[in-house]
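Notes to accompany the following structure.
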Amino acid sequence: MNSEFITAIDQIAESKGIDREKLFEAIKQSIEAACKKHFGNAGSKQIIKVNINKLTGDVKVFSTKTIVEDDCVDNDLLVIGITEARLKSPFVKVGDVIDIEITPRNFGRIAAQNAKQVVIQKIKEAERQMIYEEYSVKLNDIIRGRILRREKNGYLVQLEFTEASLPIAESVPSENYESDKFLSYNRDFYLLNVKDFSKNDQKEGKSKGSAQVILSRTHPDLVKRLFEREVIEIKEGTVEIKSVSREAGSRTKIAVHSNNPKVDPVGACVGEKGYRINLVVEELCGEKIDVVRWNEDPRIFIEAALSPAKVSSVEIEQIETEHGIERNAKVLVPENVLTLAIGKGGQNVRLAAKLTGWKIDIKSE
51 MNSEFITAID
61 QIAESKGIDR
71 EKLFEAIKQS
81 IEAACKKHFG
91 NAGSKQIIKV
101 NINKLTGDVK
111 VFSTKTIVED
121 DCVDNDLLVI
131 GITEARLKSP
141 FVKVGDVIDI
151 EITPRNFGRI
161 AAQNAKQVVI
171 QKIKEAERQM
181 IYEEYSVKLN
191 DIIRGRILRR
201 EKNGYLVQLE
211 FTEASLPIAE
221 SVPSENYESD
231 KFLSYNRDFY
241 LLNVKDFSKN
251 DQKEGKSKGS
261 AQVILSRTHP
271 DLVKRLFERE
281 VIEIKEGTVE
291 IKSVSREAGS
301 RTKIAVHSNN
311 PKVDPVGACV
321 GEKGYRINLV
331 VEELCGEKID
341 VVRWNEDPRI
351 FIEAALSPAK
361 VSSVEIEQIE
371 TEHGIERNAK
381 VLVPENVLTL
391 AIGKGGQNVR
401 LAAKLTGWKI
411 DIKSE
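The sequence shown begins at 51 in this note's numbering and counts up by one.
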């Protein structure tokens, strides 16, 4: 190594936020390992020490040896005779340890090569940590990104500072991610997970090349976050989202409540001429959304959750079982709206049950 390399290390340490001392320690350990390999004794008990002058970049290699009587030298990698040792340091005695310089010729090239590899590795680690710190604070929130391409297990998404993964399980089957709508423009994604490779994920042996940021387009909270962004009353805390049930790509039900009796929570979410809800629907590629009014009375809430079907009556009962409290609701509807209340494939009643937390049994009058 040389002074120019040291200067470069200083600049990298400052720009990437890498601790300079830790960087030098890592370089030192790497060169020590290279020395053992260079001397052909990587598996021996030979003690190798490396000193790096942090100003000039000069590298010196030492072998730590135990001083023994001259006739007891059986392994010159580990021990040194007292006579030879006193040529290096006059006041040593048998039993002491001494560092003998063994720096090979032209060792600077080997040192610089290992140092470069360590620096590159540390830069990658620092960048991964920067990405973790940047995106971990945005966990469980929406984030903008653009689909780059299809991969084996999902899609690669370009974010502002990194590339992220949208797994197949978190993608909506009805959305065409290879269309201009996704390839040419940024869309909203739900930030599902951010891996910290400097901690647990590295210990578990997971690939360092794996996507660090995991996204979702199917998560129910994606809808919730979109409404929070578009509806000022939700941002201010006047309107509250109580629950969301979603079958991604098809339909969502969202229950809202107003903390101000003068503010209509459903009207606030829909917006004038449907402007606000249409922005959310457009972002979700046409997914249908039912906004219903939450009520602390489960009968009224269940009735609202089954909209657009009109309900005749709701009877509820709570049964205590060994698995906890079972909440059942029996709903009567006019015969001509039974199909509407149940929904195609049972979707309407299924979403209503998820939204309210009650098991709903629908029958016609």
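Here a beta-carbon is modelled for each residue, glycine too, at the ideal position from N, C-alpha and C.
As the structure is a prediction and not an experimental result, all values here were calculated from the model.
Quick check on the burial criterion: 16 or more other C-beta atoms within 10 angstroms. Buried or exposed for Ala359? Here residue 359 refers to the residue found at position 309 when the sequence shown is read from its first residue. So Ala359 counts as buried.
Tell me, please, which residues DSSP counts as bridged to Pro217. Sequence index remark: in the sequence shown, residue 217 carries index 167 (1-based). According to DSSP, which records beta bridges pairwise, Pro217 is partnered with Gly204.
Check whether the Cβ atoms of Arg279 and Asn236 lie closer than 8 Å to each other. The residue you call residue 279 lines up with position 229 of the sequence shown. The residue you call residue 236 lines up with position 186 of the sequence shown. Going by C-beta atoms, Arg279 is not nearer than 8 Å to Asn236.
Exposure of Ser418, with buried meaning 16 or more beta-carbon neighbours within 10 Å: Residue 418 lies beyond the range of the chain shown here (51 to 415); nothing can be said about it.
Quick one: residues in its chain with C-beta nearer than 8 Å to the C-beta of Glu119, no 5 flanking neighbours on either side, listed in chain order? For the purposes of this step, residue 119 is taken as the residue at position 69 of the sequence shown. For Glu119, where only same-chain residues beyond five positions count, the Cβ hits under 8 Å are Gly131, Ile132 and Val144.
Counting pairs of Cβ atoms below 8 Å between the region 184-196 and the region 208-220, do you hit three or more? yes
Count the C-beta pairs between the region 323-337 and the region 348-368 that are closer than 8 Å, then say yes if the count reaches three, no if not. no
Name the one or two DSSP bridge partners that Gln368 has. Taking the sequence shown and counting its residues from 1, the one referred to as residue 368 is at position 318. Paired residue(s): Arg377.
CB contact flag (Asn412, Leu388, <8 Å): Looking up residue 412 in the sequence shown gives position 362. Looking up residue 388 in the sequence shown gives position 338. In the sequence on display, residue 412 carries Ile and not Asn. Closer than 8 Å, so yes.
Three-way DSSP call (helix, strand, coil) for Ser53 in this model: Residue 53 sits at position 3 when you count from the first residue of the sequence shown. Shown here, Ser53 sits in a helix according to DSSP, grouped into three states.
Within 10 Å of its beta-carbon, does Leu276 have 16 or more other beta-carbons around it, so buried, or fewer, so exposed? On the sequence shown, residue 276 is found 226 positions in, with the first residue counted as 1. Classification for Leu276: buried.
When burial is assigned at 16 or more other CB atoms within 10 Å of the CB, is Leu401 buried or exposed? Within the sequence shown, residue 401 is the residue found at index 351, counting from 1. Looking at its Cβ environment, which holds 16 or more other Cβ atoms inside 10 Å, Leu401 is buried.
Enumerate in chain order the residues of its own chain whose CB-to-CB distance from Lys256 is below 6 Å, with the five nearest sequence positions on each side excluded. In the sequence shown, the residue the question calls residue 256 occupies position 206. Unreliable positioning characterises Lys256 in this predicted model, as indicated by a pLDDT of 48, which lies under 50. The coordinate reading is nonetheless provided below. Once the five neighbours on either side are set aside, Lys256 has no close Cβ partner at all.
Rounded straight-line distance, which links the Cα of Asp246 to that of Glu254: For this step, residue 254 is matched to residue 204 along the sequence shown. For this step, residue 246 is matched to residue 196 along the sequence shown. Below a pLDDT of 50, predicted positions are generally treated as unreliable, and Glu254, at 46, falls in that range; the measurement from the model is reported next regardless. Going from the Cα of Glu254 to the Cα of Asp246 covers about 11 Å.
Less than 7 Å separating the Cβ of Asn378 from some heavy atom of the ligand FAD? In terms of ligand content, the structure shown is empty, and the ligand FAD therefore cannot be addressed.
Name the two residues that bound the continuous alpha helix (DSSP H) containing Arg349. Mapped onto the sequence shown, residue 349 falls at position 299. Element bounds for Arg349: Pro348 to Ala355.
Helix or strand or just coil, what does DSSP make of Ser362? What you label residue 362 is simply residue 312 of the sequence shown in a count that begins at 1. Here Ser362 sits in coil by DSSP.
Give the DSSP bridge partners of Asp411, in chain order. Stepping through the sequence shown from its first residue, residue 411 is reached at position 361. Paired residue(s): Lys380.
DSSP three-state label for Gly317, please. Position 267 of the sequence shown, counted from the start, is the residue given in the question as residue 317. If DSSP states are grouped into helix, strand and coil, Gly317 belongs with the helices.
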